[in-house]
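Colleague: Numbering (this note's numbering), first residue to last: -12 to 817. Ideal Cβ placement from N, Cα and C applies to all residues, glycine included. Once you've had a glance at the structure underneath, I'll fire off some questions.
In structure tokens:
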């Protein structure tokens, strides 16, 4: 943001400026923020004087030129000009021979004046236009000066052009709404010099809106979104004469990068760059005509679907559903806090206006600005959170200037639709007073400041600070919306006292080791287990293309969309790790790896899965994928083998159920999408069987789209639920008695699932705590002539803690197990 030293002096007095521009730039860099550029303008206007026309006559040899005699107070000089409209008595700026045209000063091709003949008449230099002088954008005519200074006065002295413009990086003011006004920066500069600052008398939270001088213009305001627009002030003005603003105002705006337009617009911009409060002017007659009645009504609300608005920059948009809008009746008139609409634009024919000073929600402004790509000066300021307590002061002062500079008359009652809390209005501060101690500040800054010293530092920048016993009571001024907690005051004191004056010693801290969270410990254990099993860990992007989601069966509409994506291909936040993981299988197999196991640990979100606070629920998951060019049997068992290896090593009780369309575990349907339901299962963990994830083979659609081999499977599980049900591992001594193995084959109906049968077998054998039981699949066989049945063979391992099992005991245990199974489903032992 650009600030003018001469402009700030106007509000703070020369006695506040004890530093040279160079010293000031250095101090700003040390205590406030980075200075991107500093430009002194004195050299640009050196020697350029104000002169007065004493004689004007046509050029004898050129119809489009005039010959002028002018005086600089000591001599009469002739100048030939292409502007034939100048009159005797006009005061203009003379760029004499040997002087450089200001707009070209410092460029690669500066234009230096000389005395030379033009069609037979000698011209001693030239008269400057507004653009050539760098005072406005007009290049059509010579700039006629609106000054009472006598001829011979230097232009820079008359218009305060011996100025220095400092361009301060906006990041310095990211959280400082008052810092986006020259008044706020002047206050800060006084503060870092240890000097008191006093705002102008008119800049007060309890300023009164001007009383009407007539009642010709009726204005009403209806605010339907007070939670987003806490205050909306509007004043109707008549008898407006649209004309150029005074040259001092034009030159100031031009110097800090704001293009002068006319007196009404320039006044609104002037007070915006002074206070940080943007204003907006509507053409009253246009608003009234759009309302179709005898009054002008402004309605503040969100847009309806299908509405469009043509902006002042010529662009037509359909406002986003959450945009804050201002309507003239039912017609869009302004994108609130951002840019006006062409339907109510102030133009050369405007005679009546409505001057608006409102406060707009900064978060809504930021979202709307990004959505529509609108980045105006108003957006820059409202997106920082301007104070609703300054509206009346800025509007009242702007109205006073319009009365003086545009002939305005307050032609109706002003409107103040105010939803600011009563407490804030009474105390004149957005936030309540803050109580803290000098110790609180000193321990955080490493300083030894006394409470009285701290109070002086804060009072210098009009932050009311009072010492009451052992406490400091700090009341933020009405323009500071960022001072809310004690730590905010610590930052203020540190900046104003000088961060460069703080001690350089590092703070004392304990050297004890930081405890690692249980989750991180678990993740590291999983990494070590899978790495030991030959798997490789990957880290893929958290953002995935919509096509990848669709290829594996996920619906991108259930994923969070990224508005400012890293690339067009990375526009959605992943709902599971599996798609990004299995996408890497084909490139590795193509590179010659015939068998590989990959895994990833990371975070996932699903758009419609919210917690009790309405925020997206975050999952930490582990995804694993195994693939080979060829393999024996079903790849499901290979993936399950790895999963069993991990869960058993972590001592997590678990079971499996079939994953079919009727499953109750709908929370993870998007995560499950890449898996084939008929060849996959749900993981249940814990004693009560809490849903924990999926294991299985991938769908034919996913294999085809990602060019996966047929022998591919994997799993994805919830790490937090694994952590929740992980049991402490107790030491078990090796048994000294031998184990007995025996195979048992059960003939069951074809619909019976292996997992269900295994659960029954294991449960029946686990009745005796002194018995260690192992149940492993050995074979699943279906005869060609018996499609209704299948044979499942288990290898059962039995080992007793106290003795060697006899053959009769083993047979009895297995017979009892078979009877238990047969009691629950049709089964025959083969």
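Alpha carbon to alpha carbon, how far is residue 353 from residue 309? Give it in angstroms, no decimals.
Modeller: The alpha-carbon atoms of residue 309 and residue 353 are separated by roughly 11 Å.
Colleague: Cα separation between residue 622 and residue 700?
Modeller: Their Cα atoms are separated by approximately 6 Å.
Colleague: Between the C-alpha atoms of residue 480 and residue 450, what's the straight-line distance to the nearest angstrom?
Modeller: Answer to the nearest angstrom: the Cα atoms are 11 Å apart.
Colleague: Hey, quick one: how far does the alpha helix (DSSP H) through residue 81 stretch, first residue to last?
Modeller: Element bounds for residue 81: not the alpha helix (DSSP H) but the beta strand (DSSP E), 78 to 82.
Colleague: CB residue 565 to CB residue 705, shorter than 8 Å?
Modeller: Their beta carbons are not under 8 Å apart, which means residue 565 does not touch residue 705 by this criterion.
Colleague: Please classify residue 782: does DSSP put it in a helix, a strand, or coil?
Modeller: Strand, per DSSP.
Colleague: Return yes when the Cβ of residue 557 is within less than 8 Å of the Cβ of residue 531, no when it is not.
Modeller: Contact: yes.
Colleague: Cα separation between residue 268 and residue 334?
Modeller: So the alpha carbons of these two residues sit roughly 11 Å apart.
Colleague: Could you tell me the distance, in whole angstroms, from the CA atom of residue 500 to the CA atom of residue 634?
Modeller: Between residue 500 and residue 634, the C-alpha separation is close to 29 Å.
Colleague: Quick one: complete alpha helix (DSSP H) runs, 4+ long, within the segment 504 to 563?
Modeller: 505 to 519, 533 to 538, all fully within the segment 504 to 563.
Colleague: Is there contact between the segment 258 to 268 and the segment 165 to 172, where contact requires at least three CB pairs shorter than 8 Å?
Modeller: Enough Cβ pairs lie closer than 8 Å, so yes.
Colleague: Pop quiz: residue 154 and residue 22 are said to be a contact at Cβ under 8 Å. What is the actual Cβ separation, rounded to whole angstroms?
Modeller: Confirmed, about 7 Å.
Colleague: Please confirm if the segment 278 to 287 is in contact with the segment 32 to 49, defined as three or more CB-CB distances below 8 Å between the two stretches.
Modeller: As far as the Cβ criterion goes, the segment 278 to 287 does not touch the segment 32 to 49, which means the pair count is below three.
Colleague: Looking at the strands, I want to know which residues DSSP matches up with residue 105.
Modeller: Answer is 108, bridged to residue 105.
Colleague: Report yes or no: do the segment 438 to 448 and the segment 401 to 411 share at least 3 C-beta pairs separated by less than 8 Å?
Modeller: Taking 8 Å as the limit for Cβ pairs, the verdict is that the segment 401 to 411 does not touch the segment 438 to 448.
Colleague: Report buried or exposed for residue 189, applying the criterion of at least 16 other Cβ atoms within 10 angstroms of its Cβ.
Modeller: Answer is exposed; the Cβ neighbour count stays below 16.
Colleague: Rounded C-beta distance between residue 375 and residue 163? I'm assuming under 8 Å.
Modeller: At roughly 17 Å, the Cβ-Cβ gap does not stay under 8 Å, so residue 375 and residue 163 are not in contact.
Colleague: Could you pull the DSSP bridge partners for residue 270 from this structure?
Modeller: Per DSSP, 340.
Colleague: Could you give the distance in angstroms between the alpha-carbon of residue 179 and the alpha-carbon of residue 84?
Modeller: Their backbone Cα atoms lie some 44 Å apart in a straight line.
Colleague: Which runs of the beta strand (DSSP E) at least 3 residues long sit entirely within the segment 135 to 202? Give them in chain order.
Modeller: DSSP runs (the beta strand (DSSP E)) wholly in the segment 135 to 202: 151 to 155.
Colleague: Please work out which residues of its chain come closer than 6 Å, Cβ to Cβ, to residue 272, disregarding the five sequence neighbours upstream and downstream, and give them in chain order.
Modeller: Cβ neighbours of residue 272 beyond the five flanking positions: 339.
Colleague: By DSSP's criteria, residue 644 is part of a beta bridge. Which residues make up the other side?
Modeller: Bridge partners of residue 644: 669.
Colleague: Comparing the CB of residue 730 with every heavy atom of the ligand FMN, is any distance shorter than 7 Å?
Modeller: Within the structure as shown, the ligand FMN is missing, as the structure has no ligands at all.
Colleague: Taking residue 661 and residue 539 to be in contact with their CB atoms under 8 Å, please state how far apart those CB atoms are, rounded to whole angstroms.
Modeller: Yes, residue 661 and residue 539 are in contact; Cβ-Cβ is about 4 Å, under 8 Å.
Colleague: Closer than 7 Å by C-beta to residue 82: which residues in its own chain qualify, once you throw out the five before and the five after it? Chain order, please.
Modeller: Taken in chain order, the residues that qualify are 35, 88, 100, 112, 113, 115.
Colleague: Here's the rule I'm using: 16 or more other beta-carbon atoms within 10 Å means buried, otherwise exposed. How should residue 48 be labelled?
Modeller: The residue is exposed, with fewer than 16 neighbouring Cβ atoms inside 10 Å.
Colleague: Is there contact between the segment 372 to 386 and the segment 194 to 207, where contact requires at least three CB pairs shorter than 8 Å?
Modeller: Cβ pair count under 8 Å is three or more, so yes.
Colleague: My parser needs the alpha helix (DSSP H) runs of 4 or more residues fully inside the segment 323 to 389; what are they?
Modeller: Runs found: 349 to 359, 364 to 369.
Colleague: Which residue from 519, 431, 473, 529 puts its Cα closest to that of residue 492?
Modeller: Answer by Cα proximity: 431.
Colleague: Is residue 392 near residue 232, with beta carbons less than 8 Å apart?
Modeller: Their beta carbons are under 8 Å apart, which means residue 392 touches residue 232 by this criterion.
Colleague: Quick check on this structure: which residue in 274, 533, 461, 76 has the alpha carbon closest to the alpha carbon of residue 419?
Modeller: Ranking the options by Cα distance to residue 419, first place goes to 461.
Colleague: Grouping DSSP H, G and I as helix and E and B as strand, with all else coil, what is residue 246?
Modeller: Coil.
Colleague: Using DSSP with H/G/I as helix, E/B as strand and the rest coil, what is residue 705?
Modeller: Three-state result, residue 705: strand.
Colleague: What does the alpha-carbon distance come out to for the pair residue 744 and residue 571?
Modeller: So the alpha carbons of these two residues sit roughly 36 Å apart.
Colleague: Return helix, strand or coil for residue 465, following the three-state DSSP convention.
Modeller: If DSSP states are grouped into helix, strand and coil, residue 465 belongs with coil.
Colleague: Identify which residue in 345, 300, 254, 306 has its Cα closest to the Cα of residue 332.
Modeller: Residue 300 is the option with its Cα nearest to residue 332.
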